[in-house]
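If you want the numbering used here, it's the 1-based position in the sequence shown plus 18.
Note that CB positions come from ideal geometry on N, CA and C, so glycine has one too.
Nothing here was measured: the structure is a model prediction, and the numbers come from that model.
Structure record follows, encoded as structure tokens.
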Amino acid sequence: MSLLVIGSVAFDAIDTPFGSTGKIVGGAASYIALATTLLNDKIGLVAVVGEDFDGNFIETLKSRGVDMAGLQIKKGEKSFFWHGKYHVDMNSRDTLVTELNVLGTFDPIIPESWKEPDYVMLGNLSPQVQLTTLNRLRKKPKLVVMDTMNFWMDIGLQDLKEVLKKVDVLTINDEEARQLSGEYSLVKAARSILTMGPQTLIIKKGEHGALMFAEKEQTFFCPALPLEEVFDPTGAGDTFAGGFIGYLASKGRTDFECMKTAIVYGSALASFCVEQFGTTKLASITLDDLNIRLAQFRELMFLPE
Ligand code: AMP
């Protein structure tokens with residue numbers, strides 16, 4: 019099944035207790051696209067970068083089968099730039115700099131061949147652009163998954179609520195779920211968010227796993243793989259979302275049972291992402307590596323009858 023991915027493709031600078039990076043490749047859609055390439059062979063990317071962006075990374079995505087016809091490269095302009103600093107526990111971070119640059123005026127042009135995708139991943143991006151993307155599709159996709167963050171809740175809440183009406187699954191972290199709903203209890207927050215549009219909500223809790231809530235009071239929990247070292251959590255949420263929708267698209271399914279497995283795939287992929295700075299580790303793993311991690315999840319989640 020075809021999978022359209024949209025989101026930021028960017029430069030990041032990351033500070034962790036283990037060290038800092040200079041400018042490296044990041045962006046929500048970069049992580050999502052890389053994660054999906056292990057599971058799908060029909061992926062299209064819609065994004066924008068400046069003339070300063072890293073051509074090698076574009077080639078990496080191309081060589082892994084991502085159709086880049088929807089990538090705009092803006093002459094004389096700068097790519098989106100984000101600088102984040104992690105706290106000692108690595109579960110929380112502060113945004114130090116967000117420079118929208120090309121993202122500030124991004125007009126998402128969907129190539130003709132991508133106007134009827136089966137699955138759509140709206141990665142972290144301005145809610146207006148997410149909405150425009152959906153409005154430009156010729157038919158309703160089988161499934162739309164959306165990710166967002168507190169930045170857009172702070173500056174574009176009304177637009178964000180408009181997109182929410184059109185998406186099937188929302189993935190956000192626990193802090194963002196509390197901000198969006200105004201509820202501290204995650205169960206109450208989920209109940210409230212499920213009235214805003216999505217039929218399914220996934221709340222990411224970093225090293226504490228992910229909770230999935232759906233209509234009819236369905237709930238599922240998936241732990242994160244306990245790792246000896248977490249080096250850089252940047253992009254883990256995007257990688258998770260890419261693995262989640264990538265698995266569903268590979269099966270052509272959208273039901274809650276299949277979403278449970280999809281969460282495990284997302285979590286397994288995210289476990290690689292955090293082991294090195296940026297996209298490095300994710301870009302180097304194979305399907306065999308993923309299968310080993312999936313087996314570890316099976317052990318971890320074993321429940322006696
Ligand atoms: P995550 O760690 O999964 O929340 O995602 C981190 C990625 O999100 C980084 O690579 C950033 O480039 C990207 N990012 C940060 N802020 C924004 C924003 N306001 N809009 C779009 N992407 C962003």
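Item, Value
"Contact test: S26 Cβ vs the ligand AMP heavy atom, cutoff 6 Å", "yes"
"Contact between the region 291 to 303 and the region 240 to 258 (3+ Cβ pairs under 8 Å)", "yes"
"R156 classed as buried or exposed, judged by whether at least 16 other C-beta atoms fall within 10 angstroms", "exposed"
"Spatial neighbours of I128 in its chain, beta-carbon cut-off 8 Å, leaving aside the 5 residues before and after", "L22, V64, G88, T151, R154, L155"
"Beta-carbon spacing of K160, T272 below 7 Å", "yes"
"Those residues which DSSP pairs with W100 across a bridge", "D30, T116"
"Element boundaries [beta strand (DSSP E), containing Y137]", "137 to 140"
"Buried versus exposed call for V282 [16 or more other C-beta atoms within 10 Å across all chains shown]", "buried"
"Three-way DSSP call (helix, strand, coil) for K92 in this model", "strand"
"Reference A313; option with closest CA among S144, G215, L287", "L287"
"As assigned by DSSP and simplified to three states, the class of L219", "strand"
"Distance, L118 Cα to D72 Cα", "17 Å"
"Sequence-distant residues of the same chain with beta carbon closer than 8 Å to D30, five excluded per side", "T39, K41, I42, V43, G44, G45, F99, W100, H101, G102, T252, G296"
"Enclosing alpha helix (DSSP H) for D372 [first to last residue]", "One cannot answer for residue 372 here, as it falls past the ends of the chain, which runs 19 to 323."
"Beta-carbon contacts of K222 that lie in its chain and below 6 Å, excluding the five residues immediately before and after", "N191, A228, G255"
"Touch test, the region 161 to 169 against the region 131 to 140, Cβ-Cβ under 8 Å, three pairs minimum", "yes"
"Own chain partners of F274 with C-beta closer than 7 Å, once the 5 adjacent residues on each side are dropped", "A232, Q236"
"For A228: DSSP bridge partner residues", "K222, C240"
"Same chain, Cβ closer than 7 Å to E201, five either side skipped, listed in chain order", "A207, S210"
"Cβ-based neighbour list, Q90, same chain, cut-off 6 Å, excluding 5 preceding and 5 following", "V66"
"Cα-Cα separation between L300 and P35, rounded to whole angstroms", "21 Å"
"Assigned exposure category for G62 - 16 Cβ within 10 Å defines buried", "buried"
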